[in-house]
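K.L.:
In my numbering, the protein residues as written are 82 to 217.
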């Protein structure tokens with residue numbers, strides 16, 4: 082019996098979308114306002130979902146206190162109120178698109194949960210724009 086449990090979180094962060102190998106004009110054409118050299122920010126909403134069997138002794142798929150702590154230490158403390166391009170090591174050379182942010186979050190959390198559990202990250206950059214990543 083597989084069940085998915087989810088925890089919602091929030092962080093605010095600034096970023097700039099650009100490719101350092103491109104001209105400013107090409108960056109502006111591809112990324113528009115998001116290529117602003119002075120950065121821009123988002124109020125990100127994050128949903129971390131873990132899928133697995135219900136443990137017969139606890140009734141849990143995963144202890145939500147552990148998931149809450151992982152999100153706080155691995156994501157919120159490292160991303161909240163940060164300039165992703167300048168202050169988060171993973172984005173020194175990786176364009177901090179919503180897609181790449183979701184993959185980075187997955188890669189931070191997946192090794193810290195039990196290996197038999199499936200993980201999916203859903204990241205809302207705006208209320209209408211979001212991405213999901215499950216390691217595939």
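The beta-carbon is built from N, C-alpha and C at its ideal position, and this holds for glycine as well.
Between which two residues does the alpha helix (DSSP H) carrying residue 187 extend?
P.N.:
As a working note, residue 187 is residue 106 in the chain shown. That run of the alpha helix (DSSP H) goes 179-190.
K.L.:
Under 8 Å Cβ to Cβ from residue 183, same chain only, skipping five residues before and after it: list those, please.
P.N.:
The residue you call residue 183 lines up with position 102 of the chain shown. So the qualifying residues of the chain are 202, 203, 204, 212, 213 and 214.
K.L.:
Pick out whichever of 113, 88, 200 and 154 has its Cα sitting closest to the Cα of residue 100.
P.N.:
The residue given as residue 100 occupies position 19 in the chain shown. Closest option to residue 100, Cα to Cα, is 113.
K.L.:
Just checking my contact of residue 188 with residue 177 at CB under 8 Å: how many whole Å lie between their CB atoms?
P.N.:
Within the chain shown, numbered from 1, the residue matching residue 188 stands at position 107. Within the chain shown, numbered from 1, the residue matching residue 177 stands at position 96. That pair is no contact at about 14 Å.
K.L.:
Where does the unbroken alpha helix (DSSP H) through residue 105 begin, and where does it stop?
P.N.:
Within the chain shown, the letter at position 24 stands for residue 105. Start and end: 105-112.
K.L.:
With distances taken Cα to Cα, identify the nearest neighbour of residue 91 among 98, 123, 107 and 102.
P.N.:
For the purposes of this step, residue 91 is taken as residue 10 along the chain shown, with counting starting at 1. Here the closest residue by C-alpha is 123.
K.L.:
Between 93, 199 and 109, which has its C-alpha nearest residue 118's C-alpha?
P.N.:
Position 37 of the chain shown, counted from the start, is the residue given in the question as residue 118. Of the listed residues, the one whose Cα sits closest to residue 118 is 109.
K.L.:
Around the C-beta of residue 96, are 16 or more other C-beta atoms found within 10 angstroms, so that it is buried, or is it exposed?
P.N.:
What you label residue 96 is simply residue 15 of the chain shown in a count that begins at 1. That one is buried.
K.L.:
Using a threshold of 8 Å, state whether the C-beta atoms of residue 152 and residue 88 are closer than that.
P.N.:
On the chain shown, residue 152 is found 71 positions in, with the first residue counted as 1. On the chain shown, residue 88 is found 7 positions in, with the first residue counted as 1. Yes, the Cβ-Cβ distance between residue 152 and residue 88 is below 8 Å.
K.L.:
Since I believe residue 98 is in contact with residue 115 (beta carbons under 8 Å), could you give me their beta-carbon distance rounded to a whole number of angstroms?
P.N.:
Here residue 115 refers to the residue found at position 34 when the chain shown is read from its first residue. Here residue 98 refers to the residue found at position 17 when the chain shown is read from its first residue. That pair is a contact at about 4 Å.
K.L.:
Evaluate residue 82 with the Cβ neighbour count: other Cβ atoms within 10 Å of its Cβ, from every protein chain shown; 16 or more gives buried, anything less gives exposed.
P.N.:
Looking up residue 82 in the chain shown gives position 1. Burial call: exposed.
K.L.:
Could you give the DSSP three-state label for residue 121: helix, strand or coil?
P.N.:
Locating residue 121 in the chain shown gives position 40, counting from the first residue. Reduced to three states, the DSSP call for residue 121 is strand.
K.L.:
Could you check what DSSP says for residue 201 in three-state terms: helix, strand or coil?
P.N.:
On the chain shown, position 120 is the one that residue 201 refers to. It is a strand residue.
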